[in-house]
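Read through the structure below, which is laid out as C-alpha cells, and then see the notes.
Pasting the structure below:
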C-alpha cells in the first residue's frame, strides 16, 4: 500500500508541475540533485562489523522546485538509499513568502527547524549526517505546517513547526502532534546563540517525546564552528548529549574538519554512553564535485556490554547534478 501511495503521489506532483509550467515560460520547474558515495574500511579487530570494507552509495537526492507565483513556490525532494534501495519523499511542500506578519508559511512534508540549521554550519553532510540525525534524536522532515522569518535587523531568525512527530519515513500513530521551535540570535559579528525546544508525544500510548538544545556557533572568515548540548526524554528514559565541530578553510578549495559527539541514551543506567570522533579533510574538486577523506572512531563506555570500539577510514564523494 505504501509503494502504491508513493507512486500515485509522485505522479500527481509531476502532473501538477507540468500543468502549471505550461501556463508560461517564466514558470518552468528547476530540477537538481546530489549523490553521496563512499568507500570505507573498518580497521576494528574482533567480531563483526570488524575487518570489512566496501563501496556504497549512501544517498541520492532528486529535487524539483517550481515557482507558482511571485510569493509562492513548490518544492519536492526525493531521497533514495542503498543497499535496500528504498525511495522516500523527503520534502513535498508549498511555501508562501510574507504570508503572515512577514513570516514565510510552508505546508506539506517540510524541513524541520534544527537539523538544516546545523548542517549549514557543519558544511560536510556528504561526510556524515549531524549528531542529532544519526542517533534519531530529531527528524529532518515531517508532515505538517511551519513558519519562519527574521527580525527587521536580521539579528534574530526563527523557525517553528507543528507536525505529526513520527518523521517523513513513518506514518502517524495517534492524534497527538509535536511542536518545535528554534531561535537563533546573532550576539556578535559571526557569533550566534541557538535555542531549540520540542514538545510532543510518541506512539499511541501518548508518552513524552521532548527535546531541548542550547548552543553557540561561529562563522567568519575561514572558520565555521559550533557546540551544543541537548537533553531528551522518551517516555521515562532520559537522554543527554553534546556535539562540537569545526571546519577550517586552508584554501578556497581545501578544508580541515573535526567533530566530537558524546551521547548517553539512558542516563539512569550504566553502559549506555559513547563518544564519536571524526577528523579529516574536504576538497572542492569542481563546482559540482567534492572529495573527502576522514577517520571515524566510536568509543563505548562498556565494551563488554556495548561491543567493540570502532575505527573506520572513509573516502567520500559528493556529486551535484
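In our numbering, the protein residues as written are 37 to 357.
Beta carbons are placed, not taken as given, at the ideal position from N, Cα and C, and that holds for glycine.
When C-beta atoms of the segment 343-350 are compared with those of the segment 62-79, three or more pairs fall below 8 angstroms, so the two segments count as touching.
For the pair residue 92 and residue 164, the Cα-to-Cα distance works out to about 14 angstroms. When secondary structure is reduced to three states using DSSP, residue 258 falls in the coil class, being assigned neither helix nor strand.
Setting aside the 5 residues that flank it on each side, residue 343 is surrounded in the same chain by 336, each with a C-beta closer than 7 angstroms to its C-beta; the list follows chain order. With distances taken between CA atoms, residue 110 lies nearest to 64 out of 89, 119, 64. Shortest Cα-Cα distance from residue 276 to any of 287, 291, 308 involves 308. Between residue 105 and residue 153, the C-beta spacing is not below 8 angstroms.
The count of Cβ pairs closer than 8 angstroms, one atom from the segment 242-251 and one from the segment 213-231, reaches three, so the stretches are in contact. Under DSSP, residue 339 takes part in no beta bridge, so it has no partner. A Cβ-Cβ distance of about 11 angstroms is found for the pair residue 218 and residue 182, leaving them out of contact under the 8 angstroms criterion.
DSSP places residue 206 in the coil class of the three-state scheme, outside both helix and strand. Relative to the Cα of residue 282, the nearest Cα in the group 293, 299, 108 belongs to 293.
One thing to note: residue 180 has its Cβ no nearer than 8 angstroms to the Cβ of residue 212. Here residue 166 is buried: its Cβ has 16 or more other Cβ atoms, across all protein chains shown, within 10 Å. Linking residue 122 to residue 100 through their CA atoms gives a straight-line distance of about 19 angstroms.
Look at residue 168 here: in three-state DSSP terms it is helix.
In this structure, the beta-carbon distance from residue 175 to residue 204 falls below 8 angstroms.
Using a 10 angstroms sphere on the CB of residue 268, the tally of other CB atoms reaches 16 or more, which defines it as buried. The alpha-carbon of residue 271 is positioned some 35 angstroms away from that of residue 136. Excluding the 5 residues flanking it on each side, residue 138 has same chain C-beta neighbours closer than 6 angstroms at 185, in chain order. Counting only runs of at least 3 residues, the segment 142-188 fully encloses the following beta strand (DSSP E) elements, listed from N- to C-terminal order: 177-186. Of the residues 356, 280, 310, 244, the one whose Cα lies closest to the Cα of residue 273 is 244. In the DSSP assignment, residue 102 falls within the unbroken beta strand (DSSP E) covering 88-105. Taking a C-beta distance under 8 angstroms as the contact criterion, residue 177 and residue 127 qualify as a contact pair.
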